[in-house]
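These notes are about the structure you will find just below.
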Amino acid sequence: MSPEEFFYKMLKEGLENYFDTEIIRLTEYDHNGEIFGRPDEIELDLIIKDDLLIICELGFSMSKGRIYMFDKKVSFYENHHQKKANRKLVIAPLIYPGVVKIGEKLGIEVYNSVEAVKVIH
Numbered sequence: 607m608s609p610e611e612f613f614y615k616m617l618k619e620g621l622e623n624y625f626d627t628e629i630i631r632l633t634e635y636d637h638n639g640e641i642f643g644r645p646d647e648i649e650l651d652l653i654i655k656d657d658l659l660i661i662c663e664l665g666f667s668m669s670k671g672r673i674y675m676f677d678k679k680v681s682f683y684e685n686h687h688q689k690k691a692n693r694k695l696v697i698a699p700l701i702y703p704g705v706v707k708i709g710e711k712l713g714i715e716v717y718n719s720v721e722a723v724k725v726i727h
């Protein structure tokens, strides 16, 4: 298991336990290359609770490039499923400089731990 996979698993389990919810890993195929500039699979983590849709990105680190990529993946999901996310959040222990400010502009909540996430309701 890679360090990234290890942190993902720990954050996922922590979030599921902390908020008594289940995170669904969605894998879809981007046929038009909207995300990576060429056709490829994309992965998103979804929390569906009490009619709320929360799309999240969990990992060891969050860079500027990665938060912009997450925003594109959220837009892809919203456009293809005709469903707008109620919340978009990223959780990573290592947050690079400038990421929080970008998150604010994009409407993405940025956290460095599961415990810092505002209550899901």
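Residue numbers (the working numbering): 607 to 727. Cβ coordinates follow ideal geometry from the N, Cα and C atoms, glycine included. Because the structure is a prediction, the values reported are computed rather than measured.
| Asked | Found |
| --- | --- |
| Through-space distance from LEU658 to ASN692, alpha-carbon basis | 6 Å |
| ILE697 beta carbon less than 9 Å from that of TYR674 | no |
| Complete alpha helix (DSSP H) runs within the region 631-702 (minimum length 4 residues, chain order) | 670-687 |
| Environment of LYS679 [buried if 16+ CB atoms lie within 10 Å] | buried |
| Nearest to TYR702 (by Cα), restricted to the options LYS670, GLU721 and ILE714 | LYS670 |
| Pairwise C-alpha distance: PRO645 and PRO699 | 30 Å |
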